[in-house]
Amino acid sequence: MLNDAAAGASPRPMRRVLGDAGTRVASGVAGARSADGGTAPTRVLPEQSALTRARSRMDRALAAARDTPAGDIPVGAVVFGPSGTPIAAATNRRQADNDPTAHAEVLALRAAAEKLGRWRLEDCELVVTLEPCVMCAGAAVAARIGSIVFGAWEPKTGACGSYVDAVRAPGALYVPEVRGGVAEYESQRLIHSFFLDLRR
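Residue 36 is where the sequence shown starts when you use our numbering, and the numbers rise one by one after that.
Structure follows, in structure tokens:
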């Protein structure tokens with residue numbers, strides 16, 4: 036699982052391991068040499084490029100979240116294509132559109148499918164600032180999204196391991212890779228600020 040602790044931030048209690056590809060520790064690296072010239076066993080940390088890429092993509096989702104219409108919970112989602120370029124971005128618009136399905140993830144997935152001219156997005160990645168709910172996780176699985184990366188965990192409604200694990204249900208025909216906790220603090224801060232302002 037990629038998270039801020041892996042990127043050097045203060046460690047936090049580990050949650051359920053979700054799609055830990057890229058964070059496994061290898062026992063050795065080909066070509067590594069010890070001081071005496073022999074092959075030395077080394078431990079390998081996650082590829083920096085994978086951590087940097089996840090953080091960079093989350094920054095785009097955070098930028099989208101900051102543009103959420105007034106009255107809607109600030110969540111941003113971006114779908115990245117196979118080349119790593121952003122295909123579609125969206126924010127929550129449930130209040131603005133009076134549409135119970137207008138969550139950032141659903142809107143971004145719809146826009147990406149329309150832009151690509153296909154509903155299967157197995158070569159794409161969904162990056163979202165908040166752990167997807169059951170509806171959004173289901174939409175991502177239905178789109179055959181290649182991977183889901185999210186920021187803040189959502190213990191009340193999260194469907195990627197916090198509240199329920201809808202993306203890895205027993206007998207599932209399709210299971211995307213999932214990484215949580217990327218830029219978690221920034222994502223939580225947006226949500227926290229929104230609810231503080233709402234109570235004033």
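All C-beta atoms in this analysis are idealised placements derived from N, C-alpha and C, irrespective of residue type, glycine included.
Through-space distance from residue j to residue i, alpha-carbon basis
i, j, result
"proline 109", "alanine 131", "12 Å"
"glycine 119", "leucine 233", "36 Å"
"alanine 175", "alanine 98", "21 Å"
"serine 228", "arginine 128", "18 Å"
"tryptophan 154", "arginine 235", "42 Å"
"glycine 181", "proline 117", "10 Å"
"leucine 151", "tyrosine 198", "32 Å"
"threonine 164", "glutamine 223", "8 Å"
"valine 168", "glycine 193", "Residue identity check: residue 168 is cysteine in the sequence provided, not valine. Looking at the two C-alpha atoms, the distance is approximately 5 Å."
"threonine 126", "cysteine 159", "18 Å"
"arginine 88", "aspartate 102", "22 Å"
"proline 135", "alanine 146", "17 Å"
"alanine 123", "alanine 112", "8 Å"
Residue i - DSSP class collapsed to helix/strand/coil
i, result
"isoleucine 226", "helix"
"aspartate 158", "coil"
"cysteine 195", "strand"
"arginine 92", "helix"
"arginine 214", "strand"
"threonine 103", "coil"
"alanine 178", "coil"
"aspartate 132", "helix"
"leucine 144", "helix"
Buried or exposed (CB count within 10 angstroms, at least 16 for buried), residue i
i, result
"valine 210", "exposed"
"proline 104", "exposed"
"phenylalanine 230", "exposed"
"arginine 107", "Per the sequence shown, residue 107 should be read as aspartate rather than arginine. The residue in question, aspartate 107, is buried, as its Cβ has 16 or more Cβ neighbours within 10 Å."
"leucine 225", "buried"
"glutamate 157", "exposed"
Residue i - partner residues in DSSP beta bridges
i, result
"serine 118", "Answer is none; serine 118 lacks a bridge partner."
"alanine 123", "Val114"
"leucine 165", "Ala187"
"aspartate 200", "Cys195"
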